[in-house]
Structures are given as structure tokens and as C-alpha cells.
Amino acid sequence: MPNSEANLEQLEVDFQARIDAEERIEPKDWMPEKYRKTVLRQMSQHAHSEVIGMQPEGNWITRAPSLHRKIVLLAKVQDEAGHGLYLYSAAETLGATREELVQLMHEGKAKYSSIFNYPTLTWADIGAIGWLVDGAAIVNQVALQRTSYGPYSRSMIRICKEESFHQRQGYEIMLKLANGSPEQKAMAQDALNRFWEPSLMMFGPTDADSPNSAQSMKWKIKRKSNDELRQAFVDQTIKQIEVLGLEMPSKDIKWNEERGHYDFGELNWDEFFAVIKGNGPCNRQRLAHHKKAHDEGAWVREAARAYEAKKKARAEKAA
Ligand code: FAQ
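Its first residue numbered 479, the sequence shown is counted upward by one per residue in this note's numbering.
See the structure below:
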């Protein structure tokens, strides 16, 4: 039966009631088209981020300072690929193919996290990424474990477990460097200074400038606002900087007794918007690399499709 306007209104009321009752929405359930599009956008961007995020770290696999560091970094980068795969699979339950989602990123129509458009200049940057970037990702993803779309929520639970290991390995690299030679300590400080603001920008624009937040919070796709999550990350990370014995990356970082939180000053939002529009330091390089790897992998996809077709034909013949 086609949905009349009144029918549609009732469906939307019932849908919101399910959300308010903390029910999870599953792929075959009715959902407003805008809900489907919003979850698909967020999940596919998240998947693209995991995969593009392999590049800045992958850059150091051949130059890791020891065999042990190399093994750990390899495992971490492989984990990120796995996260991408869970998320693409979860996104596909909303009716888009992985091929279509990747195509949208290649055309610049789908984003990936701004943070991965910054270069990794020294070994300390690998520490800073694990500590700060995975640290920020966890703060966001712990909240997303309770997101309203079932497949997204379940994928987050698994991903968070692995991200905790990533965060610790990054912090351990920083701890070693911060307690090492003066040159190593300076390298750790420089990585912290360069990655601090971009890590805070991972949480997205301020709530006042976030066009998607109000509706996403109402539908419980997002459980906490961009600013709330950013503040939680700042509060937990300042203490970790103190333990490392490094200097604060900004002179604006101060404890605010009245708010019961750390102030951290105004971020450079012009830079953020330039980066998400494609004009960050490494945007072109990252996309070009992804397109090249995707083209070079075409034969694998063809072989997998041919294998599936053959298996299906054999099963049909046997039936
Ligand atoms: N970068 O209205 P809002 C990881 C876009 S995981 C780029 O606030 P929303 C693990 C936003 O898409 C990191 N674009 O948007 C790892 C929208 O544009 P659109 C990835 C951004 O969706 C570690 C516009 O700005 N994590 O790193 C960013 O409600 C190490 C307006 O913004 C996730 O994706 C940004 N930072 O809230 C891997 C978490 N911020 O689409 C490898 C899931 C905003 O309308 C190595 N995502 N934009 O054209 C989310 O939680 C949300 O999507 C937000 C943005 C909070 C990122």
C-alpha cells in the first residue's frame, strides 16, 4: 500500500517512539529516507576514514625504528583496514554498494576525516597518531556504540576494543620518546604541537556550526554533540600530557574552575573548512594514492566475482 501523507506522518511518529524507547533500528525496519541517508553518509565517511587513515601510518612501516615497532605498526594498520571492512559491510545494509561508496569518495562527494590530510614527518608522529587520533576516535566511538542503527552500533563495539590497543601503543611510543634523549623529547613535543589542533578538529565544527547535529541527536545517531565530545577528549588528554612531562601545545589551555573543564582556546576553523573542502596539506596525495591502489586491485575484485559466479553455477547444477 503506497504511503499517504497521513500514513507517512504516523510512520515517522512511530519511528521516533522506537528511538525514544532506545530500540535499535535494523536494516529491514521502516525508516525515514533522511535517516537512511544520514546514517549512510556518516558510516561511509567513517569507513573511508579508516582506510585513508592507513596511509599516514603506512608511510612509517618501512622506517619503524625496530622489528618490534614494525610488527606492532603493521598489526595496527591492518586493524584499520578491518575496521573499514566492518563499516563498509554495515553501510551496505542501507542499500548502497561498496563500489558506489568508494566512487563517491573518489569524486570528492563523500568525505573522510580531516586528520588524515596531515603528513607524518617523524617517528614521533606515529606515537601522536596512536595517542591523540585513536584517542579522539575512541571518545567519539564509545558514544557511537549506542547509536540507534543496529549494524553501526555493533561494529563500534568491536572496533573500540581494537582502538584501545592502538591508543596505548601510541602513548607508549610518546612515553619512551618523552623520557629519552633531548632530541627525542623535542621530537615528541613537536608531534604533539602539530597534531593537537587537528585532533580536536576531528570532532567536527562547533555545535553552532554543525548543520547535521540537531537531527542526528534527535534520532540518536549521535549521542553527544561535537563540542561535548571535544571537551571530554581535552579533559582526559591534558592529564596525559602532564604525565609525559611535555609542555602544553597551546598557551590557551587553562583549568576553568567555574566550568569544571579545561579551556583550550579558539581553534583555526578556517583551516578546518579548507581541509574538508579538499585543500589540506595532503588531500590530493591521499586521494590519488587511494585511486591508484583501487585501480591496481581491480583484478582481485574481478577474480572474486568470477569465483562467486562459478560457485553459484555449480550449486545450481547440483540442485
Ligand atoms: N573531517 O554537521 P557536522 C579513526 C563534515 S576514525 C571531515 O557536524 P556530522 C580511526 C561533516 O561530514 C575517524 N569532515 O557533521 C583511525 C559534514 O559534511 P557533509 C573517523 C568532517 O556528521 C585512527 C560537515 O562537516 N571517525 O580515525 C569532519 O553530524 C588512526 C558538517 O559537520 C568518524 O568518522 C571531520 N573531522 O558530525 C584510523 C566518526 N567533521 O557530510 C586510522 C563518525 C565534520 O554534510 C588511523 N562520524 N565534517 O558533506 C561522526 O561522528 C560525525 O560524522 C562527525 C561529524 C562528528 C565527524
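By construction, the Cβ of each residue, glycine as well, lies at the ideal position given by its N, Cα and C atoms.
All of these numbers come straight from a predicted model, not from anything done at the bench.
query                                                                                                                                                 : result
Identify whether Lys-789 lies in helix, strand or coil by the three-state DSSP scheme.                                                                : helix
In the DSSP assignment, the alpha helix (DSSP H) including Tyr-630 goes from what residue to what residue?                                            : 628-656
Classify Trp-609 as helix, strand or coil using the three-state DSSP reduction.                                                                       : helix
Run the proximity test for Glu-487: is its beta-carbon closer than 8 Å to any non-hydrogen atom belonging to the ligand FAQ?                          : no
Which residue's Cα is closest to the Cα of Gly-536: Glu-558, Arg-632 and Val-517?                                                                     : Glu-558
Is it the case that the CB of Met-652 approaches a heavy atom of the ligand FAQ more closely than 8 Å?                                                : no
Threshold first: 4 residues or longer. Then list the alpha helix (DSSP H) segments lying entirely within the segment 662-736, N to C.                 : 691-696 and 704-722
At 3 residues or longer, and completely inside the segment 738-793: list those beta strand (DSSP E) runs for me, N to C.                              : 739-741
Give me the Cα-Cα distance between Leu-722 and Asn-657, rounded to the nearest whole angstrom.                                                        : 8 Å
Please state if the CB of Met-583 and the CB of Ser-633 are separated by a distance shorter than 9 Å.                                                 : no
Taking 6 Å as the limit between beta carbons, can you name the residues of its chain near Asp-741, skipping five residues before and five after?      : Lys-732 and Asn-734
Could you give the residue range of the alpha helix (DSSP H) that holds Tyr-590?                                                                      : First-last for Tyr-590: undefined, no H or E at that position.
Rounded C-beta distance between Leu-610 and Ser-527? I'm assuming under 8 Å.                                                                          : The pair is not a contact, with the Cβ atoms about 15 Å apart (cut-off 8 Å).
Here's the rule: buried if 16 or more other CB atoms are within 10 angstroms of the residue's CB, otherwise exposed. What is Pro-543?                 : exposed
CB-CB under 8 Å to Leu-552, same chain, minus the five flanking residues each way: which ones, in chain order?                                        : Ile-539
What residue range does the alpha helix (DSSP H) around Asn-537 cover?                                                                                : Counting along the chain, Asn-537 falls outside any alpha helix (DSSP H), and DSSP gives it neither H nor E.
Using a Cβ-based criterion (distance less than 8 Å to any ligand heavy atom), does Lys-698 qualify as near the ligand FAQ?                            : no
Between the Cα of His-739 and those of Phe-711, Asn-761, Trp-601 and Glu-780, spot the shortest distance and give me the residue it belongs to.       : Phe-711
To which residues of the same chain is Pro-727 closer than 7 Å at the C-beta, ignoring the five residues directly before and after it?                : Leu-670, Asn-671 and Trp-674
Relative to the C-alpha of Glu-577, which residue among Ala-525, Tyr-630, Leu-707 and Gly-608 is closest?                                             : Ala-525
Compare the Cα-Cα distances from Asn-618 to each of Arg-783, Thr-575, Phe-643 and Ile-637 and report the closest residue.                             : Ile-637
Can Cys-760 and Tyr-590 be called in contact, C-beta distance under 9 Å?                                                                              : no
Could you tell me if Lys-639 is buried or exposed, where buried requires 16 or more neighbouring beta carbons within 10 angstroms of its beta carbon? : exposed
So Ala-569 packs on Leu-579, CB below 8 Å; how close in whole Å?                                                                                      : 6 Å
Could you spell out the range, first to last residue, of the alpha helix (DSSP H) harbouring Met-521?                                                 : 511-530
Is it the case that the Cβ atoms of Trp-601 and Arg-519 are separated by a distance below 9 Å?                                                        : no
State buried or exposed for Trp-747, treating a residue as buried only when at least 16 other CB atoms are found within 10 Å of its CB.               : exposed
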